[in-house]
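Peer 1:
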Amino acid sequence: MVTRLTHAAITGYEDDIRAFNDRKIAACAKHFIGMVAQIGNRITQEGMHTYKIDRGNTSISEEELKRVHLPPYLEALNAGVKTYDQF
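Oh and the sequence shown: position 33 is 481 in this note's numbering, straight run, nothing missing.
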């Protein structure tokens, strides 16, 4: 389902939409494969402010990476996504 929605979203965003006065939207493939499976989304506090640290280690098997996380990312590339997040 996510793979099909990925393709639909990218083609929808990047199609030639005249309603935006000929302006176009570039979809972004965020985040790199497996980043959503990170462990330990930590919270840190600095003074009065609390921040969520959204970087960490991804601990999944190669099988899960290929079965769950890779297909939507590849579909984004196949759909012609124009931008991607940092690696």
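By construction, the Cβ of each residue, glycine as well, lies at the ideal position given by its N, Cα and C atoms.
In this text the structure is predicted, and so the values were computed from the model without any measurement.
Relative to the C-alpha of I458, which candidate in D533, A527, T531, Y532 has its C-alpha closest?
Peer 2: The residue with the shortest Cα to Cα distance from I458 is A527.
Peer 1: Using the Cα positions of P520 and I491, report the straight-line distance between them to the nearest angstrom.
Peer 2: Rounded to the nearest angstrom, the two C-alpha atoms are 28 angstroms apart.
Peer 1: To the nearest angstrom, report how far apart I451 and A477 are at their CA atoms.
Peer 2: Note on identity: in this sequence residue 451 is Thr, with Ile being the wrong assignment. Distance between the alpha carbons of T451 and A477: 12 angstroms.
Peer 1: Taking the beta carbon of A474 as the centre, do at least 16 other beta carbons fall within 10 Å, making it buried, or is it exposed?
Peer 2: It counts as exposed.
Peer 1: Report yes if the C-beta distance between T454 and E510 is below 8 angstroms; otherwise report no.
Peer 2: The answer is no: Cβ separation not under 8 angstroms.
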